[in-house]
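These notes are about the structure you will find just below.
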Amino acid sequence: MDDHPDTEGSDDGDFQPVKSAGRVLEVLDVLASTGPQSMRDLADQLGVPKSSMHALLRTMQHYGWLELDATGKQYGLGVHALLVGSAYVDGDDVVARTSPILDTLAANTGETVHLGRLEGDSVVYMAKRESVHPLRMFSAVGRRLSAYSTALGKCLLATLTDEEIAARMPEKLEAATEKTITDPDLLIKDIRRARVRGYSIDDEETTQGLRCFAIALPQRAPTHDAISISVPIFRLDDERQEAVVRLLFEARYSFAR
809 MDDHPDTEGS
819 DDGDFQPVKS
829 AGRVLEVLDV
839 LASTGPQSMR
849 DLADQLGVPK
859 SSMHALLRTM
869 QHYGWLELDA
879 TGKQYGLGVH
889 ALLVGSAYVD
899 GDDVVARTSP
909 ILDTLAANTG
919 ETVHLGRLEG
929 DSVVYMAKRE
939 SVHPLRMFSA
949 VGRRLSAYST
959 ALGKCLLATL
969 TDEEIAARMP
979 EKLEAATEKT
989 ITDPDLLIKD
999 IRRARVRGYS
1009 IDDEETTQGL
1019 RCFAIALPQR
1029 APTHDAISIS
1039 VPIFRLDDER
1049 QEAVVRLLFE
1059 ARYSFAR
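As structure tokens, this is what we get:
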């Protein structure tokens, strides 16, 4: 397939992706979301001839984007993927500006604090501060979760119109826990409540026993970012919940200054 030169200001409708480059990106996306897979499974999943997939994977391995496991059969992301991902986070303006804010929230609460970014129908963790307590939330920078089941996602969806929210929702809302809202109408109502009060709540909808509070930061095109504080239910009462929400509003104000 011939390469098409970039034209500044061209419409997406005129865009024709380079097939080989598209396949590389598809492989990275699949392995990032599923973990290591065999060449055969990747070929079947992406609809690529096995001979072509073998050559593609060997090339990606040669340049450090992929690594083979000890069996020599499972391909996973390589160290170069980590280096590029780390460079993206390190160079991100919002990550840098919120770093002292996250430090302050973590020091004042002792709980897990996150910075998240809306991407399509998901939220991606951009930064994290660990809880000081033994019981901690399983999460990591770069991890992607469904926006509809997280406080980070719901407060960011609340900045959009109902029509924009619907366009970002998957066809089926899968339950992460028994408390995940999987009814689209109930979800919209919950997001509208978050829009009115200015912050969102994930009440054990992503992780059982954990309640998360989040507030959207002032939009900085092209990003949609939010900060959250996650607290185990057994460490929560009305007074502590009010304190957590107050700290989030203070964090938003500090970022906006």
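With the numbering used here as the guide, the letters of the sequence shown map in order to residues 809 to 1065. We treat Cβ as the ideally placed atom computed from N, Cα and C, and that holds for glycine.
In three-state terms, what does DSSP make of residue i?
i       : result
His862  : helix
His922  : strand
Met809  : For Met809, the predicted structure reports a pLDDT of 41, less than 50, and the residue's modelled location is therefore unreliable. A value from the coordinates is still provided. Of the three classes helix, strand and coil, the one that applies to Met809 here is coil, per DSSP.
Met868  : helix
Glu816  : Since pLDDT at Glu816 reaches only 48, below the 50 mark, its modelled position is unreliable, and the value read off the structure follows with that caveat. Of the three classes helix, strand and coil, the one that applies to Glu816 here is coil, per DSSP.
Tyr933  : strand
Tyr883  : strand
Asp877  : coil
Thr1031 : strand
Arg952  : strand
Ile989  : coil
Ser947  : coil
Glu1058 : helix
Pro844  : coil
Ala974  : helix
Asp1010 : strand
Pro908  : helix
Arg1019 : strand
Ser939  : coil
Ala1079 : The structure shown does not extend to residue 1079, since the chain is modelled only from 809 through 1065, so no value can be given for it.
Ala1002 : helix
Glu1050 : helix
Val897  : helix
Val1039 : strand
Glu927  : strand
Ala770  : A query on residue 770 cannot be resolved here, the shown segment of the chain reaching from 809 to 1065 and no further.
Which residue wins for smallest C-alpha separation from residue i, given the options the options?
i       : options                            : result
Ser954  : Leu923, Thr988, Ser939, Asp970     : Thr988
Val887  : Arg866, Gly872, Gly899             : Gly872
Glu938  : His870, Glu1013, Leu913, Pro1030   : Leu913
Arg1003 : Ile1023, Asp991, Pro844            : Ile1023
Asp1011 : Pro992, Ala984, Asp993, Thr842     : Ala984
Ala975  : Lys827, Glu919, Met847, Glu927     : Glu927
Ala1064 : Asp1045, Arg1048, Gln1027, Pro1040 : Gln1027
Arg866  : Val1052, Lys881, Ser894, Val897    : Lys881
Arg1001 : Pro1030, Asp970, Arg1019, Ala1029  : Asp970
Gly1006 : Thr1014, Ala966, Asp991            : Ala966
Given a cut-off of 9 Å, decide if residue j and residue i are closer than it, judged by their beta-carbon atoms.
i       : j       : result
Leu960  : Ser1008 : yes
Phe1021 : Leu1056 : yes
Arg1043 : His941  : yes
Glu982  : Gln1016 : no
Val932  : Gly950  : yes
Ser1062 : Ile909  : yes
His977  : Leu964  : Note that residue 977 is Met in the sequence shown here, rather than His. No, they are not a contact pair.
Gly924  : Thr879  : no
Leu885  : Ala915  : no
Tyr1019 : Ile1041 : What sits at residue 1019 in the sequence shown is Arg, not Tyr. Yes, these two residues count as a Cβ contact at 9 Å.
Tyr956  : Asp929  : yes
Compute the Euclidean distance between the alpha carbons of residue i and residue j, then round it to the nearest angstrom.
i       : j       : result
Leu850  : Tyr883  : 9 Å
Gln824  : Pro857  : 21 Å
Asp837  : Ser947  : 19 Å
Asp901  : Ser859  : 42 Å
Gly863  : Asp1033 : At residue 863 the sequence reads Ala, which differs from the Gly that was named. Between Ala863 and Asp1033, the C-alpha separation is close to 39 Å.
Asp811  : Met861  : Residue confidence is low: Asp811 scores 46 on pLDDT, short of 50, so the model does not pin down where it sits. No coordinate-derived value is stated.
Ala772  : Met868  : Because the chain here runs from 809 to 1065, residue 772 falls outside it and cannot be looked at.
Asp889  : Glu875  : The sequence shown places Ala at residue 889, not Asp. Rounded to the nearest angstrom, the two C-alpha atoms are 10 Å apart.
Arg1054 : Val835  : 43 Å
Val903  : Val892  : 16 Å
Gly843  : Asp993  : 33 Å
Glu919  : Ser1038 : 6 Å
Val826  : Ala1029 : 27 Å
His870  : Val832  : 13 Å
Ala1059 : Lys980  : 34 Å
Glu1047 : Ala935  : 27 Å
Less than 8 Å between the CB of residue i and some heavy atom of the ligand COA, yes or no?
i      : result
His870 : Ligands are entirely absent from the displayed structure, and the ligand COA is therefore not among its contents.
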